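According to full-length UniProt numbering, the sequence shown is numbered sequentially starting from 1.
Ideal Cβ placement from N, Cα and C applies to all residues, glycine included.
This one's a predicted model, so the numbers in the text were calculated from it and none came from an experiment.
In what follows, a single structure is set out as C-alpha cells and then discussed.
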Amino acid sequence: MGAELSLDERNLLSVAYKNSVGARRQAWRAVNTLEQREASASKGAAILDLIRDYRHKVEAELNSKCHDVLDILTKELVPKAASSESKVFYLKMKGDYHRYLAEFASGESHGKCAQEAHDSYQLASETAIAELPPTHPIRLGLALNFSVFYYEVYASPEKACLLAKAAFDDAMQVMDSLDEDQYKDSAAIMQLLRDNLTLWTSDMQQSADGKAEQDGTAVEDF
C-alpha cells in the first residue's frame, strides 16, 4: 500500500473483513455449541470426530483471515495513520481481530491473543480520550468493543460496566452541543452501550443472587 487510505477505502476494508470473519465466527459458535451438546449426549466418537474436524477447519480459516488483516494493520495502516481518528480506528481494528483470535484459542495462545487485544484497545483508548471528543462515533465504538472484550474474554463484568458507563456518561454531558446528524450518529452507539450495560448489570445481580445468568452481551461489535 502507498499513502494512507481515504475514508471510503478505510470503511470498505473494514466492512469486507468484518463480513468475511463475522460469518466464520458465527459458524464456529454454532459448531462449538453442537460439539458440546453431542459430547454430553454421548452419541458416539464418529459423530464427534466429524464435528471436531469441521471446527478445526473453521478455526484455520478464522486464523488465516484474522492474521491477514492484522498483518496489513501492523505493517501498513497503523504506521501510516496521519490523523488521530485514523490511528484510533486502526488500533481498534487490531484489538478486534486479536479478540476474535482469543475467542477460539486455548492455553498460551489464548493468553497471548488476549494480551495483544488488550494492548491495542488500551493504546486506542488513550489516544481517543486525549484527542477525540467523547461523542465521536469511533471513540464510542471503541468503548463498546473494549468493554465487550473485558466481559467476554477477561470475564470481568465489573470492568466492562465501568468502561461502558464512563464512555456513556462522558458523551451524555456534551450531547446538547451536537447538530442533528452528529446527535443521531452518537446516540445510536450510546444506545448499544446502554443495552449491554442493562444486560450485564442484570447478569451480575442474578449471579450475586445465585440464579442462572443469561447470555451476557446484547451487542458485541461496532
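Contact under 8 Å by Cβ, residue i with residue j
i, j, result
"Met-204", "Pro-157", "yes"
"Tyr-100", "Val-174", "no"
"Val-153", "Ala-187", "no"
"Ile-51", "Val-78", "no"
"Leu-193", "Ala-167", "yes"
"Glu-35", "Leu-48", "yes"
"Val-58", "Ala-27", "yes"
"Thr-135", "Gln-191", "no"
Buried versus exposed call for residue i [16 or more other C-beta atoms within 10 Å across all chains shown]
i, result
"Ser-125", "buried"
"residue 294", "With the chain covering only 1 through 222, there is no way to say anything about residue 294."
"Gln-214", "With a pLDDT of only 49 at Gln-214, under 50, the local geometry of the prediction cannot be trusted, and no value is derived from it."
"Glu-103", "buried"
"Ala-128", "buried"
"His-67", "exposed"
"Arg-29", "exposed"
Residue from the options with nearest C-alpha to residue i
i, options, result
"Ala-160", "Asp-170, Asp-169, Phe-168 and Phe-149", "Phe-149"
"Glu-85", "Arg-139, Leu-199 and Asp-185", "Arg-139"
"Asp-96", "Glu-4, Ala-114 and Ser-83", "Ala-114"
"Met-93", "Met-190, Arg-55 and Leu-142", "Leu-142"
"Asp-170", "Tyr-121, Pro-133 and Glu-61", "Pro-133"
"Gln-122", "Glu-103, Thr-135 and Tyr-90", "Tyr-90"
"Ala-81", "Asn-145, Glu-180 and Ser-6", "Ser-6"
"Asp-195", "Lys-165, Ile-47, Thr-74 and Lys-184", "Lys-165"
"residue 235", "Arg-10, Ser-147 and His-56", "Within the shown structure, residues of the chain are numbered from 1 to 222, placing residue 235 beyond reach of any answer."
"Val-69", "Leu-163, Thr-127 and Leu-12", "Leu-12"
"Lys-87", "Ala-130, Ala-45 and Lys-65", "Ala-130"
* Which runs of the beta strand (DSSP E), 3 residues or longer, sit entirely within the region 115–180? -> Along the region 115–180, the beta strand (DSSP E) does not occur as any fully enclosed run of 3 or more residues.
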